[in-house]
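Numbering-wise, full-length UniProt numbering puts 27 at position 27 of the sequence shown, and it's gapless, one number per residue. To start, the structure itself, in C-alpha cells.
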Amino acid sequence: MPGPRKRLPREQEAAAAAEGTLAKAPSPPRLGAAFFDQPCVRLARALLGQILVRRLPDGRALQGRIVETEAYLGGEDTASHSRGGRQTARNTAMFMAPGTLYVYQIYGIYFCMNISSQGDGAAVLLRSLEPLQGLEAMRELRLAQRKGAPRTLKDRHLCNGPSKLCQALAVDKTFDQRDLACHPAVWLEPGLDVPREEDVISAPRIGISGEWAQQPLRFYVWGNPCVSVTDKAAEGARGSRLPAEASPCC
1 MPGPRKRLPR
11 EQEAAAAAEG
21 TLAKAPSPPR
31 LGAAFFDQPC
41 VRLARALLGQ
51 ILVRRLPDGR
61 ALQGRIVETE
71 AYLGGEDTAS
81 HSRGGRQTAR
91 NTAMFMAPGT
101 LYVYQIYGIY
111 FCMNISSQGD
121 GAAVLLRSLE
131 PLQGLEAMRE
141 LRLAQRKGAP
151 RTLKDRHLCN
161 GPSKLCQALA
171 VDKTFDQRDL
181 ACHPAVWLEP
191 GLDVPREEDV
201 ISAPRIGISG
211 EWAQQPLRFY
221 VWGNPCVSVT
231 DKAAEGARGS
241 RLPAEASPCC
C-alpha cells in the first residue's frame with residue numbers, strides 16, 4: 001500500500017502545475033456545476049459572499065470573498081458583449097456551459113473576469129473581492145503592473161475593481177473558457193459569510209450608457225469597504241436602516 005504523497009518542493013511544484021499534474025491532488029471543497037446553472041441575475045446575487053480561490057504556479061493559494069458583481073444578460077441587453085445573440089470568437093465563453101470563465105482584455109493591457117450563467121450569452125462580471133489570503137502575493141502582483149515608483153496599496157484597494165482583481169490573482173486571457181467546476185488553478189468555495197438579502201444593494205452598472213444604463217444589474221454587499229463604487233441613491237432608497245457590520249477590509 002503506497003504511503004501518502006509527499007509535498008513537492010516549490011520548484012518541482014511549479015513545474016508540476018505547468019504540466020497540469022497538480023490536478024491529481026485531493027480536490028478542495030468547491031462549488032460545482034449545479035451552483036452556476038441558474039439565471040444570470042440570480043447567479044450575480046448568489047456569488048456574493050462566495051470565495052474565489054487562485055492557485056499560483058508556485059503553489060501559493062490566494063483567496064478573496066466576492067463582494068460586487070454585475071449581470072450581463074445578452075439578448076436585449078445592449079451593454080452586453082453578446083447583445084442581440086451575437087456570438088464571436090471573443091465572447092464564445094458567454095455561450096458555453098454555466099460556470100465557464102469569460103476573460104477579455106480592455107485597453108490592450110487589462111483583463112476582466114466573468115462567469116457564464118443560464119441563458120445564451122449571459123454572464124456575470126466579477127467587480128470586487130475582499131482579500132482573505134495571500135495578500136502580500138496579491139500586493140506584489142498588483143505593484144508589478146503599476147507604472148512608476150511602487151506605492152503602498154491598502155488591503156481594500158487590492159481587488160476593488162474588475163481589472164485590479166485580475167492583476168491581484170494573475171488572471172489573464174489564458175483562463176478564458178476554463179471551467180470553474182473542475183479547473184485546478186481557479187475555483188469557487190462556499191462562503192461562510194453570505195450576505196442577507198437586505199444587505200445586498202442593487203444599482204446601475206458602472207460605465208454603461210444607452211437605454212440599459214439605469215438597469216439595476218450591479219449587486220454589492222452594503223457596507224463592505226472593498227466595493228469599488230458605492231451608490232448613495234440606491235443605499236438611500238433603503239432608508240435609515242444600517243447594514244450588517246462590515247467586514248474588516250482596510
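Where a beta carbon is used, it is the ideal one built from N, C-alpha and C, also for glycine.
Task: Reference residue 113; option with closest CA among 93, 131, 132 - done: 93
Open item on the list: Using only the alpha-carbon positions, how far apart do residue 220 and residue 101 sit?
Closed with: 20 Å
- [ ] Could you please give me the residues that DSSP links to residue 160 through a beta bridge?
- [x] 128
- [ ] Kindly indicate which three-state DSSP category residue 194 falls into: helix, strand or coil?
- [x] coil
Open item on the list: Just verifying my parser: in three-state terms, what is the DSSP assignment at residue 236?
Closed with: helix
- [ ] State whether the segment 163-171 contacts the segment 81-99, with contact taken as three or more CB pairs (one from each stretch) at a distance under 8 Å.
- [x] no
Task: Proximal residues to residue 210 (C-beta, below 6 Å), its chain only, five neighbours per side dropped - done: 78
Task: Where residue 9 falls, given that 16 or more other Cβ within 10 Å makes a residue buried - done: Unreliable placement is indicated for residue 9, whose pLDDT of 38 sits below 50; the coordinate value is still reported in the next sentence. By the 10 Å Cβ count, residue 9 comes out exposed.
- [ ] Go through the segment 35-67 residue by residue and report every complete run of the beta strand (DSSP E) that reaches 3 residues or more, in order.
- [x] 51-55
- [ ] Go ahead and pull the three-state DSSP assignment for residue 176.
- [x] coil
Task: Which residues DSSP lists as bridging residue 75, in chain order - done: 83
TODO: Hey, could you find the ends of the alpha helix (DSSP H) residue 141 is sitting in?
DONE: 135-144
Task: Limits of the beta strand (DSSP E) - the one that residue 214 falls within - done: That residue, residue 214, is in no beta strand (DSSP E); it is neither H nor E in DSSP.
Task: Length of the line joining the Cα atoms of residue 143 and residue 90 - done: 28 Å
Task: CB-CB length for residue 189 against residue 55, believed under 8 Å - done: Not really, about 12 Å apart at Cβ, beyond 8 Å.
Task: Where residue 230 sits in the DSSP three-state scheme - done: coil
Task: Alpha-carbon to alpha-carbon, residue 83 and residue 228 - done: 25 Å
Task: Top-ranked residue by Cα proximity to residue 226, from 146, 64, 173 - done: 64
- [ ] Drop a sphere of 10 angstroms on the beta-carbon of residue 213, count the other beta-carbons inside from all chains shown, and report buried for 16 or more, exposed for fewer.
- [x] exposed
TODO: Could you give the DSSP three-state label for residue 112: helix, strand or coil?
DONE: strand
Task: Short Cβ contact (8 Å threshold) for residue 138 with residue 168 - done: yes
Task: Inter-residue Cα distance where the pair is residue 116 and residue 141 - done: 26 Å
Open item on the list: At the level of alpha carbons, what is the spacing between residue 204 and residue 196?
Closed with: 20 Å
TODO: Check each candidate in 160, 71, 42, 103 and name the one with the smallest Cα separation from residue 180.
DONE: 103
Task: CB of residue 69 within 8 Å of CB of residue 44, strictly - done: yes
Open item on the list: Helix, strand or coil, according to DSSP, for residue 13 in the structure here?
Closed with: Residue placement at residue 13 is flagged as unreliable, the pLDDT there being 41, under the threshold of 50; a coordinate-derived value is accordingly withheld.
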